[in-house]
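Read the structure below first, then the notes.
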Amino acid sequence: MDLYFKTYLNNDQKPDVIVANYNDNNVSILLNNGIGGFFLQMTYAIGVYPFLLGVNDIDGDNKLDIITVNRSSNDIAVLRQC
């Protein structure tokens with residue numbers, strides 16, 4: 001049960017993709033390259049079995065943060081300034 005979120009993560013007005021990989025316990029970020037594809041994915045370890053994914057500026061620095069809620073580790077993960 002992987003989740004994805006489409007957003008303008010780096011403020012370049014090109015849609016980027018974030019994927020919470022449930023079985024791999026990580027988040028993949030794919031930044032739009034502007035020519036119909038994406039740059040190489042960046043992967044970040046998070047808690048066990050992410051089942052909710054959100055994007056918001058939670059610390060007020062005008063940069064989007066990625067938040068996951070993780071089922072088996074019973075916690076949340078925050079990737080700041082992505």
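Residue numbering for the sequence shown follows UniProt numbering, beginning at 1 and increasing consecutively. Idealized CB from N, CA, C, for every residue including glycine. Note that the structure is predicted; figures quoted are calculated from it, not measured.
- Item | Cβ-based neighbour list, Lys-63, same chain, cut-off 7 Å, excluding 5 preceding and 5 following | So the qualifying residues of the chain are Asp-57 and Gln-81.
- Query: Exposed or buried, Asn-32, counting other C-beta atoms within 10 Å across all chains shown (16 or more means buried)?
  - Reply: That one is buried.
- Item | Outcome for Leu-40 when other beta-carbon atoms lying within 10 angstroms are tallied against a minimum of 16 | With fewer than 16 Cβ atoms within 10 Å of its Cβ, Leu-40 is classed as exposed.
- beta strand (DSSP E) segment containing Ser-73, residue limits: Segment: none, Ser-73 is in no beta strand (DSSP E) and carries neither H nor E.
- With a CB to CB cut of under 8 Å and the five nearest residues on each side skipped, what residues in its chain are close to Ile-76? Around Ile-76, the same chain offers Gly-47, Ile-67, Thr-68, Val-69 and Asn-70 as residues with beta carbons nearer than 8 Å, after the five sequence neighbours per side are excluded.
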